[in-house]
Amino acid sequence: MPLVLLGFMGVGKTTVANLLGLPVYDMDHLLEKQIGMPISDYFASQGEAAFRKLESELLEELLQLPGDCLLSTGGGVVKSQKNRDLLRANKSRNILLTASFDVAYERISNDQASQRPLFLQHTREEFQAIYQERMALYDGLAETVIDTDQLSPEQVVRKILCK
16 MPLVLLGFMG VGKTTVANLL GLPVYDMDHL LEKQIGMPIS DYFASQGEAA FRKLESELLE
76 ELLQLPGDCL LSTGGGVVKS QKNRDLLRAN KSRNILLTAS FDVAYERISN DQASQRPLFL
136 QHTREEFQAI YQERMALYDG LAETVIDTDQ LSPEQVVRKI LCK
């Protein structure tokens, strides 16, 4: 089973995944390739339920890959009960990256390369409510939890490799 990086947007999943030196399967990129459009466009045209179904199918498939690879999930993967069940079965291989709301918000605000629709479409207060909801859903899905607030991506990688 692969290592799985979990966490809310802005915690550093993509950056850390690219530094680990393992083959990386980024679920958001794979899903966009599969559907042939940005996830936000698919959400708008097909709805969240249709997207979560595709996401669950892909997660189930990727969790069957051999262990020497890394799966980077989208921040909303935990919204589906099926996905949480799949991830709970992989708990010992899951790594939850966390950041305080203020740090995650600042990182997302400063990320010009990746403008996230969920972030852009909500006020700070609404976005904080989404953060709190999702953080509660991540609870119990990973044996390894790393707070990235005060760590560089390289320090996070070292913690992962030393676990």
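The working numbering runs 15 ahead of the 1-based position in the sequence shown.
Note that CB positions come from ideal geometry on N, CA and C, so glycine has one too.
As the structure is a computational prediction, the values presented were derived from the model and not from experiment.
query                                                                                                                                                          : result
Rounded to whole angstroms, what is the Cα-Cα separation between Tyr40 and Asp126?                                                                             : 21 Å
Flag this pair as touching only if the segment 160 to 172 and the segment 110 to 118 have three or more C-beta atom pairs under 8 Å; answer yes or no.         : yes
Tell me whether Thr29 sits in a helix, a strand or coil according to DSSP, three-state version.                                                                : helix
If we call anything under 9 Å between Cβ atoms a contact, is Ile175 one with Leu35?                                                                            : yes
So, Asn105 versus Glu70, is the Cβ gap smaller than 9 Å?                                                                                                       : no
Leaving out the 5 sequence neighbours to the left and right, which residues in its chain are closer than 7 Å to Leu45 when beta-carbon positions are compared? : Leu73
For Thr113, which residues does DSSP report across the bridge?                                                                                                 : Asp162
For Asp43, does the count of other Cβ atoms within 10 angstroms reach 16, so buried, or fall short, so exposed?                                                : buried
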